[in-house]
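Written out below as structure tokens is the structure these notes cover.
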Amino acid sequence: MKIGVLKERGDREARVAMTPESALALQKLGYDCVIETGAGKAAGFSDDAYRAAGVTVVDTPDALIEASDVIAKVRPPEISEVDKLGPEKTLISFFYPAQNKELLEQAKVKGANVIAMDMVPRISRAQKMDALSSMANIAGYRAVIEAGNNFGRFFTGQVTAAGKVPPAKVLVIGAGVAGLAAIGTATSLGAITYAFDVRPEVAEQIESMGAEFVFLDFKESQQDGAATGGYAAPSSPEFREKQLEKFRELAPQIDIVITTALIPGRDAPKLWTADMVALMKPGSVIIDLAAERGGNCDLTVADERVVSENGVIVIGYTDFPSRMAAQSSTLYSTNIRHMMTDLTPAKDGVVVHNMEDDVIRGATVTKDGEITFPPPPPKIQ
Ligand code: NAD
1 MKIGVLKERG DREARVAMTP ESALALQKLG YDCVIETGAG KAAGFSDDAY RAAGVTVVDT
61 PDALIEASDV IAKVRPPEIS EVDKLGPEKT LISFFYPAQN KELLEQAKVK GANVIAMDMV
121 PRISRAQKMD ALSSMANIAG YRAVIEAGNN FGRFFTGQVT AAGKVPPAKV LVIGAGVAGL
181 AAIGTATSLG AITYAFDVRP EVAEQIESMG AEFVFLDFKE SQQDGAATGG YAAPSSPEFR
241 EKQLEKFREL APQIDIVITT ALIPGRDAPK LWTADMVALM KPGSVIIDLA AERGGNCDLT
301 VADERVVSEN GVIVIGYTDF PSRMAAQSST LYSTNIRHMM TDLTPAKDGV VVHNMEDDVI
361 RGATVTKDGE ITFPPPPPKI Q
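Every letter in the sequence shown is one number past the one before it in UniProt numbering, and letter 202, counting from 1, is 202.
In structure tokens, the structure reads:
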């Protein structure tokens, strides 16, 4: 069978779903590989590099879809791309089925099988395919680099002949995958790093990475935000008030705030309010990784860099993984390759779409003309 990779069509998307290296691994699984011309260019992979890895380069998306049994990409497909799928074809990409009902319906009508990388269950066995985590890790790292690029000072403290420089103080709000990556990057650059999360169980992870967990004086220091499955639940009004009070106290001394707080299925909670921005020093930086879901900061504008009246820079870019396209393409294409490994048990280039497998079942959103989203809860943990 053939696996083909489409060029991404969005303006702000430089990633690609296959690298020359992952193509070699896919060929070892028995697949022939095809790619649309220019698909890897923005991530630093030329057509010639793919050819050298045994990949056939085709000129148009139509030719790519026509030639391929499995079509892989990064972003959810365009409706015109779904239109060209058929019963014998499998699409693998981020799909966000809950937000893309029209795409889901069209994939069903076309009889195509769709595997959504964002629906891979977050269980240990599936970590190698967990593209949400591999991209969140990059976003967390890049958020700190972006902050450094906008902050006119050092992260690390220095004593030099030209004067003493204090270390930067960084606050990370939300310590999931992206937040922990941001903490690791900020501490390794020498900043004094504080972090807060509503899930008390992350305190140990935060501290093990060299940051200080911000405890609240709330019901004997009990945080109240843990829900099922390791995710957060909305906070009670009393807890939220305590949290905002603490942030107001910290705001004047913090140089860089990185917010990553999300609650599944909801808009991002507003945690860094306009009055906190007003309390910060000029030249301070806020990077809001929750911008796509409305932002954690009152001043965030998605995909923009805005400067507050008191000179605080607020960045709401939503394409951090794409800004590190070589790295993110390498990790994403490895996630895809692992998904293909599980779909090809005999390593003979033939897809076995086993709906008894919890991971494959969980990620499959359409199959044989049926919508299979939402999936039943996974049996294994
Ligand atoms: P996420 O992107 O959904 O949320 C980011 C963080 O924001 C979370 O840590 C959440 O607790 C926090 N948050 C929510 N509301 C907040 C508030 N008001 N104030 C401060 N913080 C707030 O999280 P994620 O990165 O997807 O990770 C969620 C969970 O999934 C974590 O427990 C993580 O360890 C787990 N996980 C497991 C696996 C696996 O087992 N394969 C893989 C990835 C993540």
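Just so you know, even glycine gets a beta-carbon here, dropped at the ideal spot from N, CA and C.
This structure is a prediction, so every number in the text was calculated from the model and none was measured.
Original post:
Do Thr-364 and Ala-107 come within 8 angstroms of each other at the CB atom, strictly closer than that value?
Top reply: no
Original post:
Mapping DSSP to helix, strand and coil, what is Thr-193?
Top reply: strand
**OP:** Mind reading off the beta-carbon distance from Asp-288 to Gly-316? Whole number of angstroms is fine, and I expect it under 8 angstroms.
**Re:** 5 angstroms
Original post:
Where Gln-99 and Asp-267 are concerned, what is the direct C-alpha to C-alpha distance, given to the nearest angstrom?
Top reply: 13 angstroms
Original post:
By Cβ distance, which residues of its chain are closer than 6 angstroms to residue 384, with the 5 residues on each side in sequence left out?
Top reply: Nothing in the structure corresponds to residue 384, since the chain is present only between 1 and 381.
Subject >> Beta-carbon contacts of Lys-128 that lie in its chain and below 8 angstroms, excluding the five residues immediately before and after >> reply: Thr-334, Asn-335 and His-338
Original post:
Taking 7 angstroms as the line, does the beta carbon of Ala-126 fall inside it for any heavy atom of the ligand NAD?
Top reply: yes
Subject >> 6 angstroms CB neighbourhood of Phe-247 in its chain, flanking five on each side removed >> reply: Met-276
Original post:
Going by the beta-carbon positions, is the gap between Ala-182 and Ala-126 smaller than 8 angstroms?
Top reply: no
Original post:
Taking the C-alpha atoms as reference points, what is the distance between Gly-54 and Val-5?
Top reply: 14 angstroms
**OP:** In the DSSP assignment, find the alpha helix (DSSP H) that holds Lys-28 and state where it starts and stops.
**Re:** 20-28
**OP:** Note down the Cα distance separating Val-82 from Lys-110, rounded to an integer number of angstroms.
**Re:** 8 angstroms
Subject >> Of the listed residues Val-285, Val-57 and Val-301, nearest to Glu-292 (C-alpha basis) >> reply: Val-301
**OP:** For Pro-252, collect the residues of the same chain with a Cβ closer than 8 angstroms to its Cβ; drop the 5 residues on either side in sequence, then sort them by chain order.
**Re:** Leu-279, Met-280 and Lys-281
Original post:
For Gly-38, is the classification buried or exposed, using 16 other Cβ atoms within 10 angstroms of its Cβ as the cut-off for buried?
Top reply: exposed
Subject >> For Phe-215, the residue or residues it bridges with in DSSP >> reply: Bridge partners of Phe-215: none, in fact.
Original post:
So what does Ala-302 bridge to, in DSSP terms?
Top reply: Ala-302 pairs with nothing; no bridge assigned.
**OP:** For Glu-220, collect the residues of the same chain with a Cβ closer than 6 angstroms to its Cβ; drop the 5 residues on either side in sequence, then sort them by chain order.
**Re:** Residue confidence for Glu-220 is low, a pLDDT of 41 falling below 50, so the modelled location carries little weight and cannot support an answer.
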